[in-house]
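Colleague: Structure in C-alpha cells, see below.
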Amino acid sequence: MDFSAYRAFDEAFRAKYADLLEGNPFAAMLIEKQLRNFESGALAIAGDNIRKLTRSNYGRRLRARLAFHLDGLLNREREPRFYLKLERFDTFKSNLSPPLTGLGMKPLREAGAGLMPEMRVLHQLAILGSAFRTFMRTAQDKGIEKAAADQKLVSRLDKQARKNFALVKAMIEKQRIQLFIADGDTLPFSRMICAAAQELAVPYVVIAHGYIQNPHLVGIAPIYGDYLITWTEQQAEDVRQALNEEDRAKVLCFGYPKDTYRSDFKGNQALIVWHPLHDGDLALQVEEIRGIVAALRLAGYGSRLRLHPRDTKASGIRASISNADIEISEGSLADDLEMSALVIGSRSSVLFEAAMSGKRVFQLAAYRTTPMECVAPIELGPSFGAALTVDQQQGVLRPFDYESFLNFLQRIRLQRSR
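In this note's numbering, the protein residues as written are -5 to 412.
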C-alpha cells in the first residue's frame, strides 16, 4: 500500500501548526489527533470525535481525582504493573496476560469494584479540568482550526494539560507501571500517557488497531510510542517507506494478532461491511449499499450489513438503512463471519480479517485507493455475479509469534530499567 502522501502531509501540518506544537506542546497532545483528521479531509470523523469530547463526564473526573489523592482507594501493589489496553483483541489479550504476569508484573485493572479502576483513573487524569471541554466546545461551534488559532484558549488548555501531565506521571510511578501495550498513542489520554511513560523510561508499545488504510497515516504516524506492531510484514514495510529513517526501526511485525474464524460454510449468505457511514453523504452511501444488496440478490445471495462500530448507536443511520430495506446484522463478528460464504465492502479491516479466516472477500473497486492484501477488487455491473465465483488466493497467515514478542517485551523492559 502506498503511504507516500504522508511525508508531505506531515510537513505541511507541522509548518501550519508550528506555534501550537512548539509553544504549547501539552495542549497539542490533547488536540493534535483531531487537527490531523481535519487537515486530512476527514471532516465528519473530526466533527464526530469533537462532539464526543465535549461531554463533561464530571462524575468520572471527580472520582478519578478522589481515587488518585486518596491512596487507599487505589490498589497498592508491591509488584510492578503492566498496562494492557486492546479493544477488540480479546484472544490476544487473554494470551498475553498470563505470561506477562509470569514476568513478575500484575495487570492494571480496567474494570471491577471500587471507586474507579486504576486504568480509568489514569485516563481521566489526562483530561482533568474544564479547559479541555471548553476548547472542544469552541471547536464544535467555530471549527477546530479557529479554536487552535485562539491563543488565549490554547494557552489555558496548555496550562491545565501541564498539570495533568504531572499527575499522570505520578500515577505511573505510584502504580509502578513498567510496561504499556495499547491499541493507539494518538487519542488525548493515550498521547499524554505515552509522553509521561517516555519521560519515565517506561516502554510504550502500540499494536495497530486495524489494517492500516489511511493514506495520510492519521492515527498511526507520527509514532509517539516506542514501537508500532503491524498486522502483516507488508504493512510494516509500507509504513517504514513513508517514515523518516530514524523512525523506521520502530515498526515491527510478529504476525497476525487478531482472531481467525475458520468455517466450511457453503451457503448463500453474504456479509457487507462498510467504513463509517457518517463519513460522507449518508443518502448516497445507502443507495450504494442498496445496489450491492440488489446485485447480490441477482447472483443468488442473501445479505446483511455489518455496521462500523462508530455507527452502531447512531439511530438516524439505522433508520435510513432500515427504510431502505437493508438488513442490519446484530450478531458478533465471529458469528457474522462464520455464517457467511463471502464478504464484500468498502474500507474496513473486517475485509482483511475475513480473508485471513479463509473467506472469499471482495473490495469494491471504487475504494481500491487503499488496496488490501489477499482481497480481490470487484465492480457492480454485468460481470459481478461471475466475479463472485472466481477462486481467490487465500491469505497466507503468519500466526502471531507470542514467544518472540514476549522476549522482545522483556528485553526492552530490562533495557529501560538499567
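Just so it is clear, CB atoms sit at the ideal spot from N, CA and C, and this is done for glycine as well.
Taking the beta strand (DSSP E) that residue 371 belongs to, which residues open and close that run?
Modeller: As a working note, residue 371 is residue 377 in the sequence shown. Counting along the chain, residue 371 sits inside the beta strand (DSSP E) bounded by residues 370 to 372.
Colleague: So, is residue 190 buried or exposed, given that buried needs 16 or more other C-beta atoms within 10 angstroms?
Modeller: Your numbering for residue 190 matches position 196 in the sequence shown. Classification of residue 190: buried, given that the 10 Å Cβ count is 16 or more.
Colleague: Report the option in 239, 240, 250, 278 whose CA atom is closest to the CA atom of residue 229.
Modeller: Residue 229 sits at position 235 when you count from the first residue of the sequence shown. The candidate whose alpha carbon is nearest that of residue 229 is 250.
Colleague: Since residue 10 is in the alpha helix (DSSP H), which residue starts that stretch and which ends it?
Modeller: As a position in the sequence shown, residue 10 is number 16, starting the count at 1. Taken as a continuous stretch (DSSP letters only), the alpha helix (DSSP H) holding residue 10 covers -1 to 10.
Colleague: Assuming contact is defined by CB atoms lying nearer than 7 Å, are residue 102 and residue 77 in contact in what I supplied?
Modeller: Counting from one through the sequence shown, the residue named residue 102 turns up at place 108. Counting from one through the sequence shown, the residue named residue 77 turns up at place 83. Yes, the Cβ-Cβ distance between residue 102 and residue 77 is below 7 Å.
Colleague: Could you compute how far the alpha carbon of residue 64 sits from the alpha carbon of residue 169?
Modeller: Residue mapping note: residue 64 aligns to position 70 of the sequence shown, counting from 1. Residue mapping note: residue 169 aligns to position 175 of the sequence shown, counting from 1. Summary for residue 64: the model assigns pLDDT 47, below 50, so the residue's position carries little reliability; its value from the coordinates is reported in the next sentence. So the two alpha carbons sit approximately 13 Å from each other.
Colleague: My understanding is that residue 414 touches residue 31, with C-beta atoms under 8 Å, so please give their C-beta distance in whole angstroms.
Modeller: Residue 414 lies beyond the range of the chain shown here (-5 to 412); nothing can be said about it.
Colleague: Would you call the region 331 to 351 and the region 172 to 185 in contact, with 3 or more CB pairs under 8 Å?
Modeller: no
Colleague: Cutting at 7 Å between CB atoms, please list the residues of its own chain near residue 38, excluding the five before and the five after it.
Modeller: Here residue 38 refers to the residue found at position 44 of the sequence shown. So the list reads 272, 273, 274, once near-sequence residues are dropped.
Colleague: Since residue 185 contacts residue 218 with CB under 8 Å, what's their CB separation in whole angstroms?
Modeller: By one-based count along the sequence shown, residue 185 stands at place 191. By one-based count along the sequence shown, residue 218 stands at place 224. The Cβ separation is near 6 Å, so the contact holds.
Colleague: In terms of residues, what are the limits of the alpha helix (DSSP H) holding residue 85?
Modeller: If you number the sequence shown from 1, residue 85 lands on position 91. It spans 84 to 96 - the alpha helix (DSSP H) in which residue 85 sits, taken as one unbroken run.
Colleague: Here's the rule I'm using: 16 or more other beta-carbon atoms within 10 Å means buried, otherwise exposed. How should residue 305 be labelled?
Modeller: Numbered from 1 along the sequence shown, position 311 holds the residue referred to as residue 305. It counts as buried.
Colleague: Mind pulling the alpha helix (DSSP H) runs of 4 or more residues that sit fully within the region 158 to 234?
Modeller: 182 to 193
Colleague: For residue 270, does the three-state DSSP call read helix, strand or coil?
Modeller: If you number the sequence shown from 1, residue 270 lands on position 276. Coil at residue 270, not helix or strand.
Colleague: In terms of DSSP beta bridges, what is residue 77 paired with?
Modeller: Walking along the sequence shown from the start, residue 77 turns up at place 83. DSSP lists 174 as partners of residue 77.
Colleague: Going straight from the alpha carbon of residue 92 to that of residue 333, what length do you get?
Modeller: The residue you call residue 92 lines up with position 98 of the sequence shown. The residue you call residue 333 lines up with position 339 of the sequence shown. Roughly 32 Å separates the two Cα atoms.
Colleague: Residue 336 bridges to which residues according to DSSP?
Modeller: Taking the sequence shown and counting its residues from 1, one reaches residue 336 at position 342. Beta-bridge pairing by DSSP links residue 336 to 264, 354.
Colleague: In this structure, how does DSSP classify residue 102 when only helix, strand and coil are distinguished?
Modeller: Walking along the sequence shown from the start, residue 102 turns up at place 108. Collapsing the DSSP output to three states places residue 102 in coil.
Colleague: Cutting at 7 Å between CB atoms, please list the residues of its own chain near residue 261, excluding the five before and the five after it.
Modeller: Position 267 of the sequence shown, counted from the first residue, corresponds to residue 261. If we look at residue 261 and ignore the five residues flanking it on each side, its Cβ neighbours are 335.
Colleague: By the DSSP assignment, the beta strand (DSSP E) with residue 299 in it spans what residues?
Modeller: Start at 1 with the first residue of the sequence shown, and residue 299 comes out as number 305. Element bounds for residue 299: 296 to 300.
Colleague: From residue 203 to residue 227, what does the alpha carbon distance come to, in whole angstroms?
Modeller: As a first step, residue 203 is located in the sequence shown; it is residue number 209 there, counting from the start. As a first step, residue 227 is located in the sequence shown; it is residue number 233 there, counting from the start. Cα-Cα distance, rounded: 16 Å.
Colleague: Is the beta carbon of residue 395 sitting closer than 7 Å to the one on residue 248?
Modeller: Reading the sequence shown from its first residue, position 401 is the one you call residue 395. Reading the sequence shown from its first residue, position 254 is the one you call residue 248. Going by C-beta atoms, residue 395 is nearer than 7 Å to residue 248.
Colleague: Considering only residues of the same chain and omitting the five flanking positions on each side of residue 8, which have a CB-CB separation below 7 Å?
Modeller: In the sequence shown, the residue the question calls residue 8 occupies position 14. Result list for residue 8: 15, in chain order.
Colleague: For residue 121, name the three-state secondary structure that DSSP assigns.
Modeller: As a working mapping, residue 121 is identified with position 127 in the sequence shown. Correct three-state label for residue 121: coil.
Colleague: Around the C-beta of residue 26, are 16 or more other C-beta atoms found within 10 angstroms, so that it is buried, or is it exposed?
Modeller: Within the sequence shown, residue 26 is the residue found at index 32, counting from 1. Its Cβ being crowded by 16 or more others within 10 Å, residue 26 is buried.
Colleague: Measure the C-alpha to C-alpha separation of residue 410 and residue 302 and round it to an integer number of angstroms.
Modeller: For the purposes of this step, residue 410 is taken as the residue at position 416 of the sequence shown. For the purposes of this step, residue 302 is taken as the residue at position 308 of the sequence shown. So the alpha carbons of these two residues sit roughly 39 Å apart.
Colleague: If you count every other CB in all the chains shown that lies within 10 Å of the CB of residue 375, and 16 or more means buried, which is it?
Modeller: The residue you call residue 375 lines up with position 381 of the sequence shown. Counting Cβ neighbours within 10 Å, residue 375 comes out exposed, since fewer than 16 surround it.
Colleague: For residue 384, which of helix, strand or coil comes out of DSSP?
Modeller: On the sequence shown, position 390 is the one that residue 384 refers to. It is coil, neither helix nor strand.
Colleague: Would residue 183 and residue 133 qualify as a contact pair, given that the criterion is a beta-carbon distance under 7 Å?
Modeller: What you label residue 183 is simply residue 189 of the sequence shown in a count that begins at 1. What you label residue 133 is simply residue 139 of the sequence shown in a count that begins at 1. Going by C-beta atoms, residue 183 is not nearer than 7 Å to residue 133.
Colleague: Taking Cβ positions, are residue 371 and residue 380 nearer each other than 7 Å?
Modeller: Residue 371 sits at position 377 when you count from the first residue of the sequence shown. Residue 380 sits at position 386 when you count from the first residue of the sequence shown. For residue 371 and residue 380, no; Cβs fall outside 7 Å.
Colleague: Check each candidate in 141, 318, 296 and name the one with the smallest Cα separation from residue 11.
Modeller: To locate residue 11, count along the sequence shown from 1; it is residue 17. Selected option, being the one with the closest Cα: 141.
Colleague: What's the gap between the Cα of residue 52 and the Cα of residue 115?
Modeller: One-based indexing of the sequence shown puts residue 52 at position 58. One-based indexing of the sequence shown puts residue 115 at position 121. Because the pLDDT at residue 52 is just 49, under 50, the model does not fix this residue reliably, and the value given afterwards should be weighed accordingly. Cα to Cα, residue 52 sits roughly 13 Å from residue 115.
Colleague: Between the alpha carbons of residue 47 and residue 181, how many angstroms are there, rounded?
Modeller: Reading the sequence shown from its first residue, position 53 is the one you call residue 47. Reading the sequence shown from its first residue, position 187 is the one you call residue 181. Each residue's alpha carbon lies about 11 Å from the other.
Colleague: For the candidate residues 34, 231, 291, 149, whose alpha-carbon lies nearest to that of residue 246?
Modeller: For this step, residue 246 is matched to residue 252 along the sequence shown. Looking at the Cα atoms, 231 is the closest of the given residues.
Colleague: Return helix, strand or coil for residue 237, following the three-state DSSP convention.
Modeller: For the purposes of this step, residue 237 is taken as the residue at position 243 of the sequence shown. Judged by DSSP in its simplified three-state form, residue 237 adopts coil rather than helix or strand.
Colleague: For the alpha helix (DSSP H) that residue 138 lies in, which residues bound it at each end?
Modeller: Mapped onto the sequence shown, residue 138 falls at position 144. Start and end: 138 to 143.
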